[in-house]
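Novice:
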């Protein structure tokens, strides 16, 4: 048998569809989010866990579980929550956000560059069209060269097989 595992980011603002389908998972993610917020605001680990548990109960997350297993949950959170892991998670979230922003900026820059090149190409085609019209009117290369570069005139002459 071959086993594969998928990792799913359950931090806030990730995998929202999954979170909506599984309220317990959403509640756990909220609990962890609140603990992180409390620690970031300078609370000690125990105080931040207690405050986060209270907030989750007030907001309706994991109410039954937390009320029935408060001691067990508190112990697990206190022993399992690690500042190093928390900071690593923050870095990973920041990295993901940076990648997302970079891709968005890249798309925007690509669109701008595409528009710029399209305008330039349109102007070049417009010049070539004007040269063709002048040639059709019987103007000489020298007369046309007063307005347009000779290289462009030669290019137009080659492309239309004119002399």
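Residue numbers (this note's numbering): -5 to 157. Just so you know, even glycine gets a beta-carbon here, dropped at the ideal spot from N, CA and C.
(1) Tell me which residues share the same chain as residue 139 and place their Cβ nearer than 7 Å to its Cβ, disregarding the 5 neighbours each side in the sequence.
(2) Can you look up residue 7 in the DSSP assignment and give me helix, strand or coil?
(3) Relative to the alpha-carbon of residue 3, which residue among 153, 44, 22 has its alpha-carbon at the smallest distance?
(4) Where does the unbroken alpha helix (DSSP H) through residue 56 begin, and where does it stop?
(5) Can you give me the C-alpha to C-alpha distance between residue 0 and residue 9, rounded to a whole angstrom?
(6) Give the straight-line distance between the Cα atoms of residue 114 and residue 142, rounded to the nearest whole angstrom.
Specialist: Answer, in terms of the structure:
(1) 147
(2) coil
(3) 22
(4) That residue, residue 56, is in no alpha helix (DSSP H); it is neither H nor E in DSSP.
(5) 13 Å
(6) In this structure, the straight-line span from the alpha carbon of residue 114 to that of residue 142 is close to 16 Å.
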